[in-house]
Structures are given as C-alpha cells and as structure tokens.
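Going left to right, the sequence shown walks through residues -25 to -1, 1 to 165 as mature numbering (1 follows the signal peptide of the UniProt record, and there is no 0) numbers them.
All C-beta atoms, glycine included, are put in the ideal place defined by N, C-alpha and C.
These numbers come from a predicted model, not from an experiment.
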Amino acid sequence: MAVKNKALVLLILCVSEFFLGLSLAAEESPKLGTVIGIDLGTTYSCVAVYRNGLVEIIADDQGNRITPSWVSFTETERLIGEAAKNQAALNAERTIFDVKRLIGRKFEDPEVQRDTKMLPYKIVNKDGKAYIVVKIKDVEVKVFSPEEISAMILGKMKETAEAYLGKKIKDVVITVPGTLKEREVCKLSM
C-alpha cells in the first residue's frame, strides 16, 4: 500500500506541475474547451481536469485515482487497468504491462533483450523495433507496437474523464518522462 500512496503523491505532483502551465495557457486562450491532463506512467496512469482554479484527479471505475497501466486480452474482451491486472495470473501471456519501457527502443537494445526474458508476454523484432505479440482468441494472433498498447491506456483514461465530466473531451495534455531530452521527445512524436 505504501508504494501505491507514494505513486499517487508523485502523480499528483507531476499532474499539478503541468496543470499550472496549462492553467496559464488556458487563461490566455478562450478557444480551448475543457482540457484534461493524463500522466501515462510505466506502472500507473492518472487523469485530471483543471476546473474552477483547482486540479481534480479523476477516479477510475474502481474508485482509484491511479489506474494500473495494464492491458489484457481475453477470449471475449479487452481489459484495461485494474481489471487487466486482477486477472493477470490466469492470463499472463495476454496481459501487457510495463510497455512504456519499450516505446522508441530498438529490439536489440540490451534493456529490451533483458525484458524479453523477464516479461510473460512475447516481444518480437519487427523492422528493428520491439513489438508485442498477443493471442487475441484461440486462432487470432496480433502484433502491437508499444505505442498502440499505450494508446489503449490513454483511450481508457480519456473515457474515464468523459464519464466523470459528462461530455466529450477534445483537448488533452499528456506528460512526457522527465528523463527524455527535448530532442528525444520531438523524435518520438513524429
């Protein structure tokens, strides 16, 4: 539980920091609608909204303010967050986590090679990059990029915010790891 609380404090600090900048920008631009912020974390993600001068961290469908950055595929559905993590022991090869570690990395990267030995899901080489192979149904196998899996998590976070706010969201701010240099961020965004 202490790890979860520490993660929550770190997420609140990160989200608060970028919402400070967002609030200043929003005051200058009346064209923006409701803007949410998503912190896509390696282990947990969170979503928040800046309203009435305050940052509100939005709870997920389980009532948690942080959501596991996990995606799982069953025979009938795709699960994201706590639901994916909760059934991982029974569905390890089709449950994806720590995918953010693979974004922008070459398959031959020593860290990726180490991860291929440690993670229960299959990581393969596709055009020199690390991709994830998932058995969707008994006969269907799909290959996903780390970015596609991350997009599923981001989509879930956006859905959570839309359900909470009761309206569609068009404007989103997404955090970038502090360890990335500006040049790396630009390269990854293209």
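Using CA coordinates, which residue listed in the options is at the minimum distance from residue i?
i: Ala23; options: Lys143, Gly141 and Lys133; result: Lys133
i: Asp90; options: Asp14, Phe72, Asp102 and Tyr139; result: Phe72
i: Ile11; options: Tyr19, Thr18, Ile32 and Thr17; result: Ile32
i: Tyr139; options: Thr17, Gln37, Thr18 and Ala126; result: Gln37
i: Ser47; options: Leu65, Asn39 and Arg40; result: Leu65
i: Gly103; options: Glu57, Lys92, Phe82 and Glu123; result: Phe82
i: Pro43; options: Lys143, Val99 and Leu129; result: Leu129
i: Glu137; options: Asp14, Val30, Gly28 and Ala34; result: Ala34
i: Ile55; options: Asp14, Ala126 and Ile144; result: Ala126
Expressed to the nearest angstrom, what Euclidean distance is found between the alpha-carbon atoms of residue i and residue j?
i: Phe119; j: Tyr96; result: 12 Å
i: Val116; j: Arg53; result: 14 Å
i: Ala(-1); j: Ile149; result: Below a pLDDT of 50, predicted positions are generally treated as unreliable, and Ala(-1), at 48, falls in that range; the measurement from the model is reported next regardless. If I take the Cα positions, the gap works out to 15 Å.
i: Leu7; j: Asp146; result: 7 Å
i: Thr51; j: Asp113; result: 11 Å
i: Leu29; j: Lys110; result: 43 Å
i: Asn100; j: Ser20; result: 27 Å
Specify the secondary structure class of residue i as computed by DSSP and reduced to three states.
i: Val87; result: helix
i: Leu94; result: coil
i: Ile128; result: helix
i: Lys145; result: coil
i: Thr150; result: coil
Answer with buried or exposed for residue i, where buried requires no fewer than 16 other C-beta atoms within 10 angstroms of its C-beta.
i: Arg26; result: exposed
i: Leu94; result: buried
i: Lys75; result: buried
i: Thr135; result: buried
i: Gly16; result: buried
i: Pro121; result: buried
Could you tell me which residues DSSP pairs with residue i in its beta bridges?
i: Tyr139; result: Beta-bridge pairing links Tyr139 to no other residue.
i: Val116; result: Lys110
i: Lys47; result: Before going further, note that residue 47 is Ser rather than Lys in the sequence given. The partner list for Ser47 (beta bridge, DSSP) reads Leu54 and Thr70.
i: Val24; result: Ile11 and Glu31
i: Val99; result: Tyr106
i: Thr42; result: Ser20
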